[in-house]
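Working notes for the structure below.
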Amino acid sequence: MRHETEQDGQRPFVIWVILGFMAVSIIMMILGQTMAVFFYDWTVQYGLQESVEEVGLLGVEVNRSFGAADSVIYVPLMVASLIGLLKRKNWSLYLLAAVGGVSFYWTATVTFIMLFFAPGTPNYTYVPGIEIWIFVGAHFIFGVLAIASLIIYRDRLIA
Numbered sequence: 206m207r208h209e210t211e212q213d214g215q216r217p218f219v220i221w222v223i224l225g226f227m228a229v230s231i232i233m234m235i236l237g238q239t240m241a242v243f244f245y246d247w248t249v250q251y252g253l254q255e256s257v258e259e260v261g262l263l264g265v266e267v268n269r270s271f272g273a274a275d276s277v278i279y280v281p282l283m284v285a286s287l288i289g290l291l292k293r294k295n296w297s298l299y300l301l302a303a304v305g306g307v308s309f310y311w312t313a314t315v316t317f318i319m320l321f322f323a324p325g326t327p328n329y330t331y332v333p334g335i336e337i338w339i340f341v342g343a344h345f346i347f348g349v350l351a352i353a354s355l356i357i358y359r360d361r362l363i364a
């Protein structure tokens with residue numbers, strides 16, 4: 206299934222959307238997630254994490270745990286996939302599949318936590334604003350886009 210405007214050796218436009226999203230996400234993850242592991246108060250100060258007053262002590266530790274996992278798994282997968290896709294390496298397609306899968310998984314996990322499991326727990330008063338849902342939704346859409354692009358375009362992503 207080839208789009209009429211694609212020429213031989215030209216990558217589909219979606220690859221540039223994927224690359225751009227990953228580049229921005231890597232920066233955001235380092236600032237909001239990696240920094241939260243070591244300097245949680247700094248991330249709260251800049252609105253990148255929720256305060257202990259909003260999520261309680263357990264919520265802070267859950268946030269830091271997500272930050273640690275993102276720092277050792279998600280960010281390296283994105284960096285490696287981004288580099289591989291830019292260099293048009295076949296292995297980058299497998300990493301992109303992993304990145305898309307992680308995006309699906311963590312958006313579902315965060316949504317379940319914020320909507321169903323955290324409300325009502327001691328010291329949890331956080332009500333996610335629209336900016337949080339935009340962020341979570343963007344990563345969900347990215348996960349769908351990454352997986353769909355692999356299914357539709359496969360090797361043309363690295364052509």
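In the numbering used here, the protein residues as written are 206 to 364. For glycine and all other residues, C-beta sits at the position ideal for the given N, C-alpha and C.
Close Cβ partners of residue i (< 6 Å) along its chain, the five nearest in sequence each way excluded
i      : result
Tyr358 : Pro217
Pro333 : Met319
Val257 : Val265
8 Å Cβ cutoff met for residue i and residue j
i      : j      : result
Gly264 : Ala323 : yes
Gly272 : Tyr329 : no
Leu287 : Leu224 : yes
Ser297 : Gly289 : yes
Gly237 : Gln250 : no
Met234 : Val280 : yes
Ile352 : Ala302 : yes
Other residues of its chain near residue i: CB distance less than 7 Å, five sequence neighbours each side excluded
i      : result
His344 : Ser308 and Thr312
Classification of residue i by the beta-carbon crowding that lies within 10 angstroms, buried from 16 upward
i      : result
Thr248 : buried
Asp246 : exposed
Minimum Cβ-Cβ distance from residue i to chain C less than 8 Å
i      : result
Leu350 : Looking at the structure shown, chain C is missing, and only one protein chain is on hand.
Neighbourhood of residue i by C-beta, 8 Å cutoff - its chain only, sequence neighbours within 5 removed
i      : result
Ser230 : Met283, His344 and Phe347
Ile356 : none
Nearest-angstrom Cβ-Cβ length linking residue i and residue j, presumed shorter than 8 Å
i      : j      : result
Glu259 : Tyr331 : 4 Å
(message) To test your reading of the DSSP string, which unbroken alpha helix (DSSP H) runs of 4 or more residues are found completely within the segment 233-296?
(response) 240-243, 245-250, 257-274 and 280-291
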